[in-house]
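In my numbering, each residue carries its 1-based index in the sequence shown increased by 420. In this text, a Cβ means the ideal position worked out from N, Cα and C, and glycines have one as well. Worksheet: one structure, shown below.
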Amino acid sequence: MPLEFLGGSPTASDRQVRPLSPAVRAGDFIYVSGQVPVNADGEIVVGGIEAQTHQVMENLKAALALGGATLDDVCKTTCWLHDARDFGAFNRVYMSYFKGEGRPARSTTEARLMVDAKVEIDCIAYKPKG
């Protein structure tokens with residue numbers, strides 16, 4: 421089964437097209453690229469870790485929708501925080517998006533991010549096609 425590249429390459433606030441796909445379907449799995457807290461104009465949202473985590477989660481939802489999936493279909497996330505001291509506040513917002521018993525597997529680490537953001541998250545979803 422061929423890979424299905426979902427969505428167009430994003431353009432950042434510098435108007436440069438980024439060399440990636442928002443999501444890729446491989447069989448029944450959807451791999452979502454790392455999402456940072458950018459708005460529709462490609463600019464980092466203002467505010468602390470809470471505001472940025474909300475934006476990242478909304479961006480994940482939009483990328484998942486390209487493959488017909490939702491957060492309920494997510495089986496794994498990888499999260500990067502610019503500052504580990506933000507973990508508690510980040511976790512409260514993150515948990516509000518994954519309700520119920522079925523929460524995805526997750527890895528979280530502290531890292532210097534490529535843009536001036538406090539958080540980045542990617543995910544893998546399982547959503548059989550058709």
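| field | Element boundaries [beta strand (DSSP E), containing Glu463] | value | Here Glu463 belongs to no beta strand (DSSP E), and DSSP marks it neither H nor E.
| request: Kindly list the residues whose CB is nearer than 6 Å to the CB of Thr528, restricted to its own chain and excluding five residues on each side of it in sequence; keep chain order. | output: Cys499
| Asn511 to Val535, Cα distance in whole Å? | 21 Å
| said: The alpha helix (DSSP H) that contains Thr529, what's its start and end? | reply: Here Thr529 belongs to no alpha helix (DSSP H); instead the beta strand (DSSP E) covers Ala525 to Glu530.
| Beta-ladder partner(s) of Arg540, from DSSP | The sequence shown places Glu at residue 540, rather than the Arg named in the question. Its beta-bridge partners are Trp500.
| field | Cβ contact (3+ pairs, closer than 8 Å) linking the stretch 484-502 and the stretch 457-467 | value | no
| field | Separation of Glu470 from Met515, as counted between CA atoms | value | 12 Å
| request: Kindly give me the distance between the Cβ atoms of Ala443 and Gly487, rounded to whole angstroms, as I take these residues to be in contact under 8 Å. | output: 6 Å
| Which value, in whole angstroms, describes the spacing of the CA atoms of Val476 and Ala483? | 10 Å
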